[in-house]
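Note that numbering that gives the first Met the number 0 has the sequence shown beginning at 0, numbered continuously upward. We treat Cβ as the ideally placed atom computed from N, Cα and C, and that holds for glycine. Note that this is a predicted model, so its numbers are computed, not measured.
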Amino acid sequence: MGIRILSPEVASQIAAGEVVERPASVVKELVENSIDADAREIRVEVGQGGRRLIRVTDDGCGVPAAEAELAFHRHSTSKLASAEDLNHITTLGFRGEALASIAAVSRVTFLTRAAEEEAGTLLRLEGGRVVARRPVGRPPGTTVTVEDLFYNVPARRKFLRSEATERRHIDAWVTRYALAYPHLRFALTHDGREGFHSPGSGDLRDVLVAVHGVKTGAALLEIPEDPGSGSSIRVRGFVGPPSLHRGDRGGITLFVNGRWIQDARLAYAVIQAYHTLLPTGRYPVATIFISLPPEEVDVNVHPAKAEVRFQDGNEVFRVVQRAVRRSVLEQAHIPAASLPASPTWPGFRPSDRRPPVWAAQAQEPAVQPALPPREAPSGMPLLRVVGQVGAAYIIAEGPDGLYLIDQHAAHERVLYERMMAQREEGVPSQGLLEPEPVDLSPETAGLVEAHRESLRRLGFELEPFGGSTFLVRALPAVLAHARAAEVLADVARALQEGRSQVAEETEQAVMRRVCKQAAVKAGQVLTREEMEGLVQALERCASPRTCPHGRPTMIHISVAQLAREFGRE
Ligand code: ADP
Ligand code: MG
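Listed below in structure tokens is the structure:
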């Protein structure tokens, strides 16, 4: 095929691909426009995870009737006039690409009224072409409705994940902006049902409570002002006390000059600040806002503007690390630290159902903590955690003696049942910061390719990358901290084992592998809250007594047996 110039339609679809990867990218760009328009209130309505409908309504400055169509031209923006302006960007948008890109791959209705004009404008576009325009009445502000995303780009549509996954990505963007702009009111609905909303009170803690719930929101420590730093870099935000930690870095949220960013190095600065304060393999929770003079940061390095480049990256690293460390060390002794930590191993949920036994003793010293003569729905007795032995087994007391629980096997069971339940909707998946190419043997590559669809349901996003190499773009969220190459090799083994079996069994073999990798290992010291969380999660399982591979999760030693062993009988 000779060289030729692409048609404008194809060229604009390719360009759109850089900005609009999935429904959440549309939400992000539209919300950014509303923020740039000085809106006070931003409403986001989503239908079918964004495939059918995304509508963002704001009460911002609106677009004058004469400029409405211009807003949809590529490289048209009101936020930048010259190349020099690129050196000090203070708005979220500046590339003038979003509306053009979104319109190229969907059906858009743009309804806007500039505050200083009498009437508003309605503009309809399909595949980037204006198909209708008329004056309309509406209060000042803008409503952008995006329907049938990727209707004209089947390749993209095919790669959309489950509705639940796309919803989660959308939720993530809306909550990020709610955190960054606490004085704005955000409201998000999915299919008409109210999801997240922030009060717009201007108080970041109110938004943190809306995002994380009352308990975690209240436990977070505010980073104090550091007037003596002598740096032009300012750090604000909230960090978790050392008792609050998770199994992945997903609890670390970073913003630079009001823009959410992905920056593995700065996330590491936060992690480093907790050095020796957290159990190994655990990560802190933090929401951090960095502000610095706009000319000291280049935001124009990524089409979706999710990455930035600092003039002095080392200095930013130092300032962030110091601010976080100070906050944690200075404040961690105040009551927040003694709040019950939320066990955050995947699959455990904190529960207030069973107060720790020492609390009961403190309140009612005369009464011995009675063990519930009760059972979990699974038929497993309800247990009280006593401790851990060998960093591998949880010791618990039940109605009839002692139980030793294998922490790894038990966690495997919990994860497995959860994954089974999630399979229909799609297992939550976590994109890698940097997609990783993984080489497989030609034979296993063929197997992976053949099972790509079911792997996708299980949270793997894999892309053929030439030869027998796959680009790993996302992993099941429970494996977010694992090494992509190892995970994929392991999955390939499971596929090989499951070859002659029916698809269902192959899928289960993959799930067992995933759960094995994700489960807490023997050798990991667990906090009491984590042990209690695990035992409670196990109690809720349908088959709590064995791991997915059939090994026992627990051993029971009855009171009678103990008496015999001690020669009391
Ligand atoms: P950018 O945000 O990079 O300027 P966009 O394509 O997102 O590019 O938007 C193009 C222009 O349309 C903006 O510069 C702005 O003038 C106008 N615009 C878009 N959305 C809104 C909105 N919600 N309120 C007011 N003006 C808007
Ligand atoms: Mg924009």
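Supposed contact pair residue j and residue i - C-beta distance, whole angstroms, cut 8 Å
{"i": "Arg451", "j": "Leu439", "result": "Actually they are not in contact, since the Cβ atoms of Arg451 and Leu439 sit about 13 Å apart, beyond 8 Å."}
{"i": "Val323", "j": "Ile222", "result": "7 Å"}
{"i": "Val45", "j": "Ile34", "result": "Their Cβ separation, rounded to whole angstroms, is 18 Å, which puts Val45 and Ile34 out of contact at 8 Å."}
{"i": "Ser230", "j": "Val318", "result": "5 Å"}
{"i": "Val575", "j": "Ile41", "result": "An answer regarding residue 575 cannot be provided, because it is not within the stretch 0 to 568 covered by the chain."}
{"i": "Gly48", "j": "Glu193", "result": "Wrong, their Cβ atoms sit about 16 Å apart, outside the cutoff."}
{"i": "Gly61", "j": "Gly140", "result": "6 Å"}
{"i": "Gly92", "j": "Glu165", "result": "In fact, because the Cβ distance is near 23 Å, the residues do not count as touching under 8 Å."}
{"i": "Leu220", "j": "Leu203", "result": "About 12 Å separates the two Cβ atoms, so there is no contact after all."}
{"i": "Arg325", "j": "Thr252", "result": "Not really, about 19 Å apart at Cβ, beyond 8 Å."}
Proximity test, residue i beta-carbon vs ligand 3 heavy atom, cut-off 7 Å
{"i": "Asn32", "result": "In the structure on display, ligand 3 does not appear, and the ligands it does have are ligand 1 and ligand 2."}
Cutoff 7 Å; reference residue i; Cβ partners in own chain excluding five residues on either side
{"i": "Pro578", "result": "Coverage of the chain is limited to positions 0 through 568, which leaves residue 578 absent and any answer about it impossible."}
{"i": "Pro345", "result": "Here Pro345 scores only 45 on pLDDT, less than 50, and its place in the model should not be relied on; the value that follows carries that caveat. Same-chain partners within the cutoff: Gly246, Leu414, Val477 and Ala517."}
{"i": "Pro63", "result": "Ala113 and Glu116"}
{"i": "Ala483", "result": "Leu431, Glu435, Val437, Val471 and Leu474"}
{"i": "Ala502", "result": "Ser453"}
{"i": "Ile232", "result": "Ile289, Leu291, Glu314, Val315 and Val318"}
{"i": "Leu276", "result": "Pro241 and Val327"}
Straight-line gap, residue i to residue j (C-alpha atoms, nearest Å)
{"i": "Ala171", "j": "Leu187", "result": "11 Å"}
{"i": "Pro181", "j": "Gly236", "result": "12 Å"}
{"i": "Ala395", "j": "Leu403", "result": "6 Å"}
{"i": "Arg258", "j": "Pro543", "result": "45 Å"}
{"i": "Ile13", "j": "Val206", "result": "37 Å"}
{"i": "Arg155", "j": "Arg456", "result": "17 Å"}
{"i": "Leu122", "j": "Ala209", "result": "35 Å"}
{"i": "Ala365", "j": "Gly549", "result": "Since pLDDT at Ala365 reaches only 28, below the 50 mark, its modelled position is unreliable, and no value is offered."}
{"i": "Cys65", "j": "Pro134", "result": "Per the sequence shown, residue 65 should be read as Ala rather than Cys. Taking the straight line joining both Cα atoms gives about 11 Å."}
{"i": "Asp147", "j": "Arg128", "result": "15 Å"}
{"i": "Gly397", "j": "Asp225", "result": "51 Å"}
{"i": "Gln535", "j": "Pro380", "result": "11 Å"}
{"i": "Leu382", "j": "Val238", "result": "33 Å"}
{"i": "Met553", "j": "Ala541", "result": "15 Å"}
{"i": "Leu243", "j": "Ala70", "result": "45 Å"}
{"i": "Gly201", "j": "Pro372", "result": "49 Å"}
{"i": "Gly602", "j": "Glu528", "result": "For the chain, the structure presents residues 0 to 568; residue 602 sits outside this window and is missing."}
{"i": "Ala391", "j": "Asp405", "result": "6 Å"}
{"i": "Pro153", "j": "Leu159", "result": "10 Å"}
{"i": "Gly126", "j": "Asn151", "result": "7 Å"}
{"i": "Glu96", "j": "Ala449", "result": "37 Å"}
{"i": "Asp399", "j": "Ala559", "result": "8 Å"}
Beta-carbon proximity list for residue i, same chain, < 8 Å, skipping 5 on both sides
{"i": "Gly312", "result": "Arg264"}
{"i": "Val447", "result": "Leu439, Leu454, Leu461, Phe469, Leu487, Val490, Ala491 and Leu494"}
{"i": "Arg184", "result": "Arg39, Glu40, Ile41, His196, Ser197, Pro198 and Gly199"}
{"i": "Val426", "result": "Met418, Arg456, Leu457, Gly458, Pro475 and Ala476"}
Contact check, residue i vs residue j, beta carbons under 8 Å
{"i": "Pro283", "j": "Gly250", "result": "yes"}
{"i": "Val524", "j": "Pro292", "result": "no"}
{"i": "Val234", "j": "Ile287", "result": "yes"}
{"i": "Thr111", "j": "Thr120", "result": "yes"}
{"i": "Gln271", "j": "Gln320", "result": "yes"}
{"i": "Gln310", "j": "Val298", "result": "no"}
{"i": "Gly169", "j": "Val26", "result": "For clarity, residue 169 is Ile in the given sequence; the question names Gly instead. Closer than 8 Å, so yes."}
{"i": "Arg73", "j": "Ala99", "result": "yes"}
{"i": "Ala508", "j": "His407", "result": "no"}
{"i": "Val104", "j": "Ala15", "result": "yes"}
{"i": "Asn285", "j": "Val269", "result": "One point to set straight first is that residue 285 is Ala, not Asn, in the sequence displayed. Yes; because the gap between Cβ atoms is below 8 Å, this pair is in contact."}
{"i": "Gly386", "j": "Ser428", "result": "no"}
Chain-order list of residues whose beta-carbon lies under 6 Å from that of residue i (same chain, five-residue window excluded)
{"i": "Ala38", "result": "Asp57, Asp58 and Gly59"}
{"i": "Leu401", "result": "Ile556"}
{"i": "Glu531", "result": "Val384"}
{"i": "Phe565", "result": "none"}
{"i": "Ile88", "result": "Pro293 and Val298"}
{"i": "Ala23", "result": "His168, Ile169 and Trp172"}
{"i": "Glu506", "result": "Ser453"}
{"i": "Val9", "result": "none"}
{"i": "Ile2", "result": "none"}
{"i": "Leu29", "result": "Val55 and Val143"}
{"i": "Phe254", "result": "Ala179 and Phe288"}
{"i": "Gln330", "result": "Leu220"}
{"i": "Gly191", "result": "none"}
{"i": "Phe149", "result": "Val104, Arg155 and Arg156"}
**Study point:** Ordered list of alpha helix (DSSP H) runs contained in the segment 71-101, each at least 4 residues
**Key:** none
Practice item. Jot down the residue ranges of each uninterrupted beta strand (DSSP E) in the segment 212-240, minimum 3 residues, whole runs only, in chain order. Key: 233-238
**Study point:** Continuous alpha helix (DSSP H) assignments of at least 4 residues falling wholly in the segment 487-568
**Key:** 502-517, 527-538 and 558-564
Review point. Which runs of the beta strand (DSSP E) spanning at least 3 residues fall entirely within the segment 140-222, listed in chain order?
Key: 140-146, 184-189 and 192-197
Point to revise | Whole alpha helix (DSSP H) elements within the segment 404-439, 4-residue minimum | key: 406-421
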